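Shown next, in structure tokens, is the structure this report addresses.
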């Protein structure tokens with residue numbers, strides 16, 4: 001099985017509203033939870049009670065469309081509100097991410113790292129040392145995992161920052177983006193993704209759910225093509241429509257019925273009736 005490490009702060013962990021997008025269920029897309037690979041459900045991260053939609057699910061869904069007979073696993077290690085200094089070599093966030101990745105590598109091949117961070121450093125001239133610190137983060141991850149050439153995909157900060165809500169403090173986000181570009185030029189196998197035309201939640205700092213889906217497609221395009229993504233993809237909405245309308249097999253339908261039961265949305269008699277009907281449906 002292939003695996004992807006997810007690191008950074010809240011816009012990688014995801015704060016998009018779950019109700020705003022079609023859920024992604026695919027038994028070939030896993031996430032690491034409690035030391036086991038489980039079928040991916042969102043939120044993927046549980047760094048906060050308010051975790052929601054991030055870019056990783058649509059990244060994985062796009063990957064799976066290109067690898068229909070393979071499995072991919074997501075390793076959630078992003079932490080909301082974390083600064084670049086919190087990802088230093090001996091810091092707990094870095095140690096935790098390396099530990100989780102090593103554990104996942106016991107039965108998977110780590111093929112990429114997705115990073116998004118910088119909102120927390122977009123003030124008080126933190127940008128002056130950001131490129132040096134970010135290079136240290138990327139280099140340390142590769143060295144500690146013994147993967148000197150593993151691709152690292154990282155996204156720019158969105159243009160809605162610095163304008164409203166919690167985002168008003170992130171007034172130096174363009175300087176952070178410039179620092180990311182310098183890192184991108186200096187390190188091999190790092191690919192930078194545009195945040196152009198992404199929209200925010202009402203809080204002004206977190207990327208909304210639909211935009212997170214689009215962001216994930218850009219991350220995957222960078223990973224697949226081994227190139228920077230400088231602008232929105234021409235077919236983002238078509239790709240998302242294809243992902244949203246993937247057929248559900250009997251295993252997924254059974255899982256969804258079980259989910260409705262345990263959440264109290266249907267009664268047990270209704271559950272057993274629907275399961276009985278499902279078992280008599282022809283297999284696809």
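In full-length UniProt numbering, the protein residues as written are 1 to 284. Glycine is no exception: its CB is placed at the ideal position from the N, C-alpha and C atoms. Everything numeric in this text was worked out from a predicted model, so none of it was measured.
query, result
"Taking 7 Å as the cut-off, decide whether the C-beta atoms of residue 221 and residue 240 are in contact.", "no"
"Using a threshold of 7 Å, state whether the C-beta atoms of residue 217 and residue 101 are closer than that.", "no"
"For residue 206, does the three-state DSSP call read helix, strand or coil?", "coil"
"Under three-state DSSP, which class holds residue 343?", "Absent from the model: residue 343. The displayed extent of the chain is 1 to 284, so no value can be given."
"In the DSSP assignment, the beta strand (DSSP E) including residue 4 goes from what residue to what residue?", "2-8"
"If you draw a straight line from the alpha carbon of residue 82 to that of residue 120, how long is it in whole angstroms?", "7 Å"
"Between the Cα of residue 230 and the Cα atoms of 195, 131, 117, 80, which residue gives the shortest distance?", "195"
"For residue 190, report the span of its beta strand (DSSP E) as first-last.", "190-193"
"With a 10 Å radius around its C-beta and 16 neighbouring C-beta atoms as the bar for buried, classify residue 43 as buried or exposed.", "buried"
"Mapping DSSP to helix, strand and coil, what is residue 148?", "coil"
"How long is the line joining the alpha carbons of residue 140 and residue 148, rounded to whole angstroms?", "10 Å"
"Going by DSSP, name the residue or residues bridged to residue 200.", "207"
"For residue 247, count the other beta carbons within 10 Å of its own beta carbon; 16 or more makes it buried, fewer makes it exposed. Which is it?", "exposed"
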